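Colleague: Sharing a structure with you now.
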Amino acid sequence: MLIAKEFTFDSAHRLPNYKGLCANLHGHTYKIIVCLNGKIKKDGMVIDFSRLKQKVSDKVIKLLDHKWKRLIKELPELYEISLWETPTSHVIYRGD
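Numbering (my numbering), first residue to last: 286 to 381.
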């Protein structure tokens, strides 16, 4: 069963080699959707969302750089992460 949980955080970045406004430091409210693929356990859940929230906060939101390998160790059910930079632009990462 696939389940998903949404998280948001604020951060700033810039594109130093871009010739346009994005070369300047600017911020976004990012949205992350973490998708897990696992079997339903005896308690009726794939994972307790409070555990998922803690792992994503500790391993992704607080650090945000090259964290797939760290998160997959904590959440073996991890299937994909969608990161939204704007309401219309996002990337989906499956650890490939």
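For each residue, glycine too, the CB sits at the ideal point set by N, CA and C. Just so you know, these numbers come straight off a predicted model, no measurement behind them.
#1: How about I377 and E362: are their beta carbons less than 7 Å apart?
#2: Please report the residue range of the beta strand (DSSP E) in which S367 lies.
#3: By DSSP, does H351 sit in helix, in strand, or in coil?
#4: Between the alpha carbons of A297 and S342, how many angstroms are there, rounded?
#5: Mapping DSSP to helix, strand and coil, what is V319?
#6: Identify the residues that DSSP records as bridge partners of I288: which are they?
#7: The alpha helix (DSSP H) with V341 in it runs from where to where?
#8: Is the beta carbon of Y315 less than 7 Å from the beta carbon of F294?
#9: Which of the three DSSP states is assigned to V331 in this structure?
Modeller: So, to answer that:
#1: Cβ atoms of I377 and E362: not closer than 7 Å.
#2: 363-371
#3: Bear in mind that the predicted position of H351 carries a pLDDT of just 46, short of 50, making it too unreliable to give a figure here.
#4: 18 Å
#5: Strand, per DSSP.
#6: In the DSSP secondary-structure assignment, I288 is bridged to L321.
#7: 334-341
#8: yes
#9: coil
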